[in-house]
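Undergrad:
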Amino acid sequence: MKDGFSGGFGGGINGSPGGLSGFMRPAGSQGGLWNEDMCGGRVEKSDSGAPKVIASKNIIEFSVHFGCYNRMGFFGCEFYDFSVKRDKEGGPFVLEFRDHRIETDERLCSDIQQIIDENNLSLNNGVVRYTHGLPSEYQPYDFDAVYDSGEKLHFYIQGEPTAQWCVSLRKALCRELVRNGIEDLLPPKEDRNVARFDLGFQEWPLKTMYATIRTEDDVAGERPVHYFKSVWNYETGESVYDAIIVIPDGFYAHITELAEKTDLRECSNGQIEPFEQEKSPFGKPGIPVISWCCEGESTKQFNTFVWGDEINEDHIKIASVIREYLESVFEGVESER
């Protein structure tokens with residue numbers, strides 16, 4: 005489990021209770037442990053006969069309850085309940101989320117199916133498995149999809165707010181809401197307008213950093229107006245490149261645009277480099293690292309620190325896109341060493 009705290013207990017969808025004590029024994033399920041009174045007891049009531057392959061790719065009805073850590077640079081888990089189904093036979097799809105009831109099309113269901121395929125969620129079909137008495141973010145998540153073929157995908161499993169399918173599902177929901185002019189899941193604008201951005205890599209043997217820096221020319225109490233790039237070679241123990249520039253006009257406006265374009269905030273994990281040097285992967289051979297600090301005008305931060313197997317395609321894409329821009333800013337600037 006990773007860090008994250010939240011109060012209360014997660015509520016289920018379609019009127020199902022959030023606590024385990026109210027969860028009904030699945031009809032027709034066989035075997036496994038079922039002890040509602042045992043705090044910490046394992047619940048296993050899966051349907052072993054549920055198909056693990058769904059032939060159809062056309063979802064006609066969907067509902068879900070899941071949790072996802074927020075990306076605001078502080079700990080916490082937010083819970084999401086939404087459903088998509090046709091309003092009537094042959095009618096448009098309707099997305100229901102909180103107080104919103106939105107007519108939509110097949111795109112959201114297609115996005116959900118892509119998430120199912122990318123995360124092999126059909127392998128969870130029929131699974132009812134969780135541990136009693138854990139914190140709310142690890143309470144069971146409920147997932148239901150009905151297909152035009154009559155096939156169904158359902159599971160009720162141990163919550164894991166860092167699971168990729170949860171992160172992707174929140175992104176899909178956010179995109180659909182924004183497409184319909186609803187910004188409920190977006191940060192406030194003062195958080196979205198970037199006022200500071202640092203980016204770091206370890207590509208052994210090099211460590212590359214792009215960051216805001218305060219110099220003697222900066223005004224006390226105001227944000228720094230200088231930016232630096234540094235490249236260090238661990239094998240030689242020498243600096244390869246060091247340069248400081250005045251932040252150009254439009255710099256943070258462009259970073260803001262790239263952060264929106266790449267869904268940077270959705271992929272931020274709230275982590276920073278470990279304070280203890282022995283726990284940091286920097287300086288350790290063969291371990292790739294990507295880190296960033298994205299601070300809004302409100303001073304709220306969307307931070308990420310990942311290394312090794314934690315690095316995924318989204319991290320690489322985001323870092324590469326912004327790095328390309330930062331490299332263009334330093335183009336033609338000679339190293340001071």
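Note that our numbering numbers the sequence shown so that position 105 is 109, with each residue one more than the last. C-beta atoms are modelled at their ideal positions from N, C-alpha and C, and glycine is treated no differently. These figures come from a predicted structure and were not determined experimentally.
With respect to the beta strand (DSSP E) encompassing Y231, which residues constitute its N-terminal and C-terminal limits?
TA: Working through the sequence shown from its first residue, we reach residue 231 at position 227. Note, Y231: beta strand (DSSP E), 230-237.
Undergrad: Whose CA, out of W169, I291, K49, lies closest to the CA of E270?
TA: Residue mapping note: residue 270 aligns to position 266 of the sequence shown, counting from 1. It is W169 whose Cα lies nearest to the Cα of E270.
Undergrad: Excluding sequence positions up to five away, which residues of its chain have a Cβ less than 6 Å from the Cβ of K148?
TA: To locate residue 148, count along the sequence shown from 1; it is residue 144. Before going further, note that residue 148 is Asp rather than Lys in the sequence given. Taken in chain order, the residues that qualify are S67, H158.
Undergrad: Roughly how many angstroms separate the alpha carbons of L112 and R183, rounded to a whole number?
TA: For the purposes of this step, residue 112 is taken as the residue at position 108 of the sequence shown. For the purposes of this step, residue 183 is taken as the residue at position 179 of the sequence shown. Answer to the nearest angstrom: the Cα atoms are 11 Å apart.
Undergrad: When you compare only the Cα positions, how much space is there between P144 and V57?
TA: Counted from its first residue, the sequence shown places residue 144 at position 140. Counted from its first residue, the sequence shown places residue 57 at position 53. If you take the alpha carbons of P144 and V57, they lie about 23 Å apart.
Undergrad: Rounded to whole angstroms, how far is the Cβ of I249 from the Cβ of F334, which I believe are closer than 8 Å?
TA: Here residue 249 corresponds to residue number 245 of the sequence shown, with the count starting at 1. Here residue 334 corresponds to residue number 330 of the sequence shown, with the count starting at 1. Confirmed, about 7 Å.
Undergrad: Say whether the segment 201-212 touches the segment 280-296, bearing in mind that this needs 3 or more beta-carbon pairs closer than 8 Å, one atom from each stretch.
TA: Taking 8 Å as the limit for Cβ pairs, the verdict is that the segment 280-296 does touch the segment 201-212.
Undergrad: Going by alpha carbons, who is nearest to C297 out of I326, E314, Y151, Q281?
TA: Along the sequence shown, one-based indexing puts residue 297 at 293. Among I326, E314, Y151, Q281, the Cα nearest to that of C297 belongs to I326.
Undergrad: By DSSP's criteria, Y256 is part of a beta bridge. Which residues make up the other side?
TA: One-based indexing of the sequence shown puts residue 256 at position 252. Partner(s): none; Y256 has no beta bridge.
Undergrad: My understanding is that E155 touches T108, with C-beta atoms under 8 Å, so please give their C-beta distance in whole angstroms.
TA: Along the sequence shown, read from residue 1 onward, the residue named residue 155 stands at position 151. Along the sequence shown, read from residue 1 onward, the residue named residue 108 stands at position 104. Rounded, the Cβ-Cβ distance is 22 Å, inconsistent with contact.
Undergrad: Restricting to Cα atoms, I'd like to know which of R102, E141, G225 is closest to C178.
TA: By one-based count along the sequence shown, residue 178 stands at place 174. The shortest Cα separation from C178 among R102, E141, G225 belongs to R102.
Undergrad: I'd like to check one pair, I315 with P292: are the Cβ atoms closer than 8 Å?
TA: Reading the sequence shown from its first residue, position 288 is the one you call residue 292. Reading the sequence shown from its first residue, position 311 is the one you call residue 315. Their beta carbons are under 8 Å apart, which means P292 touches I315 by this criterion.
Undergrad: Once DSSP output is grouped into helix, strand and coil, what is the label at S379?
TA: The shown model of the chain, from 5 to 341, leaves out residue 379, and the question about it has no answer.
Undergrad: Quick one: residues in its chain with C-beta nearer than 8 Å to the C-beta of L125, no 5 flanking neighbours on either side, listed in chain order?
TA: Reading the sequence shown from its first residue, position 121 is the one you call residue 125. Once the five neighbours on either side are set aside, the close Cβ partners of L125 are I119, F147, L157, F159, W169.
Undergrad: Identify the continuous alpha helix (DSSP H) that holds E343 and give its terminal residues.
TA: Within the shown structure, residues of the chain are numbered from 5 to 341, placing residue 343 beyond reach of any answer.
Undergrad: Alpha carbon to alpha carbon, what distance is there between F70 and D85?
TA: Locating residue 85 in the sequence shown gives position 81, counting from the first residue. Locating residue 70 in the sequence shown gives position 66, counting from the first residue. Each residue's alpha carbon lies about 7 Å from the other.
Undergrad: Please work out which residues of its chain come closer than 6 Å, Cβ to Cβ, to E65, disregarding the five sequence neighbours upstream and downstream, and give them in chain order.
TA: Along the sequence shown, read from residue 1 onward, the residue named residue 65 stands at position 61. Closer than 6 Å at the Cβ level, and outside the excluded window around E65, lie K89, V150.
Undergrad: I need the straight-line Cα distance from G137 to E48, nearest angstrom please.
TA: Counted from its first residue, the sequence shown places residue 137 at position 133. Counted from its first residue, the sequence shown places residue 48 at position 44. Straight-line Cα distance between these residues: approximately 14 Å.
Undergrad: With a CB to CB cut of under 7 Å and the five nearest residues on each side skipped, what residues in its chain are close to N123?
TA: To locate residue 123, count along the sequence shown from 1; it is residue 119. Hits under 7 Å: Q168, W169.
Undergrad: How about G163 and D51: are their beta carbons less than 8 Å apart?
TA: In the sequence shown, the residue the question calls residue 163 occupies position 159. In the sequence shown, the residue the question calls residue 51 occupies position 47. Cβ atoms of G163 and D51: not closer than 8 Å.
Undergrad: Who are F97's beta bridge partners in DSSP?
TA: Residue mapping note: residue 97 aligns to position 93 of the sequence shown, counting from 1. DSSP lists R90, T108 as partners of F97.
Undergrad: Would you report the Cα separation of E328 and E110, rounded to the nearest angstrom?
TA: As a working note, residue 328 is residue 324 in the sequence shown. As a working note, residue 110 is residue 106 in the sequence shown. One C-alpha to the other measures close to 35 Å.
Undergrad: Given this structure, state the Cα-to-Cα distance separating V229 from L262, to the nearest angstrom.
TA: Looking up residue 229 in the sequence shown gives position 225. Looking up residue 262 in the sequence shown gives position 258. Those two C-alpha atoms are separated by around 20 Å.
Undergrad: So what does V182 bridge to, in DSSP terms?
TA: Walking along the sequence shown from the start, residue 182 turns up at place 178. None; V182 has no bridge partner.
Undergrad: Round the Cβ separation of W236 and V223 to the nearest angstrom and send it over; I've been treating them as touching at under 8 Å.
TA: Position 232 of the sequence shown, counting from 1, holds the residue named residue 236. Position 219 of the sequence shown, counting from 1, holds the residue named residue 223. Actually they do not touch by this definition, with Cβ atoms about 29 Å apart.
Undergrad: Using only the alpha-carbon positions, how far apart do I63 and L189 sit?
TA: On the sequence shown, residue 63 is found 59 positions in, with the first residue counted as 1. On the sequence shown, residue 189 is found 185 positions in, with the first residue counted as 1. So the two alpha carbons sit approximately 24 Å from each other.
Undergrad: Alpha carbon to alpha carbon, how far is D318 from G95?
TA: Your numbering for residue 318 matches position 314 in the sequence shown. Your numbering for residue 95 matches position 91 in the sequence shown. About 35 Å.
Undergrad: Quick one: residues in its chain with C-beta nearer than 6 Å to the C-beta of T266, no 5 flanking neighbours on either side, listed in chain order?
TA: Translated into positions along the sequence shown, residue 266 becomes position 262. These residues qualify, in order along the chain: I322, V325.
Undergrad: If you draw a straight line from the C-alpha of G185 to the C-alpha of P191, how long is it?
TA: One-based indexing of the sequence shown puts residue 185 at position 181. One-based indexing of the sequence shown puts residue 191 at position 187. Using only the alpha carbons, I get a separation of about 14 Å.
Undergrad: Contact check, A257 vs S153 under 8 Å by CB: the rounded distance?
TA: Locating residue 257 in the sequence shown gives position 253, where the first residue counts as 1. Locating residue 153 in the sequence shown gives position 149, where the first residue counts as 1. Incorrect: roughly 49 Å between the Cβ atoms, too far for contact.
Undergrad: If you check the beta carbons only, do N273 and T308 fall under 8 Å apart?
TA: Translated into positions along the sequence shown, residue 273 becomes position 269. Translated into positions along the sequence shown, residue 308 becomes position 304. Yes, the pair counts as a contact, with Cβ atoms nearer than the cut-off.
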